[in-house]
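A.B. asks: The numbering used here numbers the first residue of the sequence shown as 272 and each following residue consecutively.
A single structure is presented below for examination.
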Amino acid sequence: MRCDLTLIFTPRQSLDLTVQVEPTPALATEAREWFEQTWTALGCEPLRPSGKVLLLDKIMGVADALGYAVLSSDQSRAGEYARQTALALGKPRITVDLPGLSVGY
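As structure tokens, this is what we get:
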């Protein structure tokens, strides 16, 4: 499955990434675990005041913590982030909108 991922950091900073993945339940579970581990390793904090941290919050938090500078200059990290996002959500088109605090697909 081809997945087109758009990351919006600010109105002037966004990235468009494309990955090819073959989603399976096992890979989706591994991707969710990757987000859990990466969220913790990067010291991410909940973006929402409720304090609950769902998968979509982790996807946004990891993108925010890595930042535009890293993801736009480090193709390896950007590719890994895009791959894990595509596997975790299993959707062909994903938009991570950090200012809008939303993940759409």
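The beta carbon of each residue, even a glycine, is placed where N, CA and C say it ideally should be.
In the DSSP assignment, what are the bridge partners of G375?
C.D. replies: DSSP, once it has assigned bridges, lists T366 as partnering G375.
A.B. asks: Note down, one range per segment and in chain order, each alpha helix (DSSP H) of at least 4 residues found wholly within the segment 288-328.
C.D. replies: The qualifying runs are 296-312.
A.B. asks: Under 8 Å, do V339 and Q284 count as touching if we go by C-beta distance?
C.D. replies: In the sequence as presented, Val is not what sits at residue 339; that position holds Tyr. In contact: Y339 and Q284 (Cβ atoms closer than 8 Å).
A.B. asks: Between which two residues does the beta strand (DSSP E) harbouring R273 extend?
C.D. replies: Where R273 is concerned, the enclosing beta strand (DSSP E) stretches over R273 to T281.
A.B. asks: Looking at the unbroken alpha helix (DSSP H) that takes in G350, where does it start and where does it end?
C.D. replies: G350 -> alpha helix (DSSP H) spans Q346 to L360.
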